[in-house]
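What follows is a single structure, written as structure tokens, with notes after it.
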Ligand code: PLP
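Residue numbers (this note's numbering): 12 to 395.
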């Protein structure tokens, strides 16, 4: 049996998305900036896609900027806001559990003379609103807190965070890569938002940024003035059409899917926790419908992934981007796990094609694999 349970890393393209994209690779291949009919055809597809994305989050079309990824969107927001608003202040606030795209952009800005506050989180991964309030200063120009964490699935209280930022007069950005199209998002108190198509059955290499009207931001890419001058580059029309088609499908599928996945997730969690010395990372309920994250004492997450793979099951030790490094996940460390506990972690992320039979199979295989690895573990003596 082949079971893909790594939907948080990436998702397969929905066949309907592929069909929508196809004509834009060869038949409708125009450059949206050209004035002839090929160009106008591309421009129309671009603007219709912008409207689709805007409608999904109740934004205006001109507030949507297409990018090459969420990493690009996040870099553009953090650096673009910093440089456009540096006369007002040079202080930025984020959390210690953000994706590397946020953390590395902030680190880079620190080298450019900006100051960054990294808010701690509690054992579930929640940002403390009182600590946020206390951290906002007169020179704070941006708060960037993710909507849902990519490793432990914790959903941050972004409505309250946005409200606090509004009251204090600072801009609020949220990395909604993991939540977009999975749970509802209210942008009322959000100024900037990043998303990525490949996390919700769209193509890889295309993302988008919501930038509220009148927000002062510098572009990261300078050139021909595409995307309202905020992201020069000939637009990837096929990718953008794919992103928009994936968004359309989300509006039809999201609600029922969340219900189904929550049930499957809870069935998985309940059964996996029957394994001796196993623990859940993140909050039992306030987590993404498709996310489960565990740590198993006395074993290595990497070994677990390899063993599960031999049974046809694809899972992850943390974020795909950091799983090639030996450092334990910064997210698991931030919620208080010890080095060796973080190393024994496993992320299982479900998606729209996940079936009960696949979860039942995983529940059967996982304890066996854990038990086998523990037999080989150097900690074995301490455990029994
Ligand atoms: N932010 C979060 C929370 C993510 O999970 C990811 C991808 O893993 C990214 C940002 C980066 O997205 P992209 O692959 O589009 O650059």
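Even glycine gets a Cβ: it sits at the ideal position worked out from N, Cα and C.
Among residues of its own chain, excluding the 5 on either side of residue i, which ones have a beta-carbon nearer than 8 Å to its beta-carbon?
| i | result |
| --- | --- |
| residue 142 | 130, 131 |
| residue 346 | 108, 132, 133, 134, 135, 136, 163, 292, 293 |
| residue 147 | 104, 154, 175, 176, 179, 181 |
| residue 376 | 319, 322, 324 |
| residue 364 | 15, 23 |
| residue 140 | 168, 171, 172, 175 |
| residue 28 | 212, 213, 214, 253, 256, 257, 260 |
May I ask which residues mark the beginning and end of the alpha helix (DSSP H) holding residue i?
| i | result |
| --- | --- |
| residue 186 | Element bounds for residue 186: not the alpha helix (DSSP H) but the beta strand (DSSP E), 182-186. |
| residue 166 | No alpha helix (DSSP H) holds residue 166; DSSP gives it neither H nor E. |
| residue 373 | 367-387 |
| residue 29 | 26-32 |
| residue 343 | 341-345 |
| residue 141 | 140-146 |
Relative to the alpha-carbon of residue i, which residue among the options has its alpha-carbon at the smallest distance?
| i | options | result |
| --- | --- | --- |
| residue 26 | 289, 212, 235 | 212 |
| residue 222 | 185, 378, 382 | 185 |
| residue 361 | 285, 269, 340 | 269 |
| residue 37 | 125, 53, 44 | 53 |
| residue 382 | 365, 367, 318 | 318 |
| residue 189 | 39, 299, 376, 137 | 299 |
| residue 356 | 137, 341, 95, 146 | 341 |
| residue 19 | 313, 373, 302 | 302 |
| residue 251 | 79, 275, 315 | 79 |
| residue 112 | 81, 264, 249, 224 | 81 |
| residue 34 | 207, 249, 99 | 249 |
| residue 396 | 274, 237, 161 | With the chain represented from 12 up to 395, any question about residue 396 goes unanswered, as that position is not in the structure. |
| residue 200 | 191, 230, 173, 29 | 173 |
| residue 100 | 86, 125, 110 | 125 |
| residue 368 | 275, 55, 167, 247 | 275 |
| residue 40 | 364, 384, 389, 247 | 247 |
| residue 42 | 364, 253, 237, 389 | 237 |
| residue 385 | 192, 308, 194 | 308 |
| residue 165 | 311, 239, 304 | 304 |
| residue 387 | 351, 366, 311 | 311 |
| residue 266 | 195, 253, 224 | 195 |
| residue 156 | 122, 192, 110 | 110 |
| residue 191 | 224, 239, 285, 264 | 264 |
Find out if the Cβ-Cβ distance for the pair residue i, residue j is shorter than 9 Å.
| i | j | result |
| --- | --- | --- |
| residue 187 | residue 149 | no |
| residue 359 | residue 16 | yes |
| residue 75 | residue 220 | yes |
| residue 151 | residue 104 | yes |
| residue 144 | residue 175 | yes |
| residue 258 | residue 77 | no |
| residue 339 | residue 325 | no |
| residue 306 | residue 327 | no |
| residue 182 | residue 154 | yes |
| residue 138 | residue 102 | no |
| residue 97 | residue 116 | no |
| residue 373 | residue 272 | no |
| residue 83 | residue 218 | yes |
| residue 44 | residue 256 | no |
| residue 171 | residue 106 | no |
| residue 123 | residue 93 | yes |
Just reading off the beta strand (DSSP E) that residue i is part of, what are its end residues?
| i | result |
| --- | --- |
| residue 310 | Careful: residue 310 lies outside any beta strand (DSSP E) and carries neither H nor E. |
| residue 47 | Residue 47 -> no beta strand (DSSP E), and no H or E assigned at all. |
| residue 153 | 151-155 |
| residue 290 | 289-291 |
| residue 357 | 356-360 |
| residue 75 | 75-78 |
Can you find the residues in the same chain that come closer than 6 Å, C-beta to C-beta, to residue i, ignoring five residues on each side of it along the sequence?
| i | result |
| --- | --- |
| residue 287 | none |
| residue 13 | 323 |
| residue 23 | none |
| residue 203 | 88, 184, 222 |
| residue 226 | 202 |
| residue 215 | 209 |
| residue 72 | 61, 62, 65 |
| residue 234 | 243 |
| residue 315 | 357 |
| residue 21 | 209 |
| residue 330 | Caution applies to residue 330, whose pLDDT of 44 falls short of 50 and renders its modelled position unreliable; the model cannot decide the point. |
Which residues in the same chain have their Cβ closer than 7 Å to the Cβ of residue i, if we skip the five residues on either side of it in sequence?
| i | result |
| --- | --- |
| residue 232 | 242, 243, 244 |
| residue 379 | none |
| residue 313 | 328 |
| residue 30 | none |
| residue 334 | At residue 334 the pLDDT is 49, less than 50, meaning the model places this residue with poor confidence; the figure from the coordinates comes in the next sentence. Within the same chain, residue 334 has close Cβ partners 327, 328. |
| residue 262 | 67 |
| residue 197 | 170 |
| residue 344 | 353 |
Within the present structure, is the beta-carbon of residue i separated from the nearest heavy atom of the ligand GDP by less than 8 Å?
| i | result |
| --- | --- |
| residue 17 | Absence of the ligand GDP is noted for the structure shown, with the ligand PLP being the only ligands found. |
Can you list, in chain order, the stretches of the beta strand (DSSP E) that have 3 or more residues and sit fully within the region 83-127?
-> 102-106
Could you name each continuous beta strand (DSSP E) segment of 3 residues or more that falls completely within the region 199-275, going from the start of the chain to the end?
-> 203-207, 218-222
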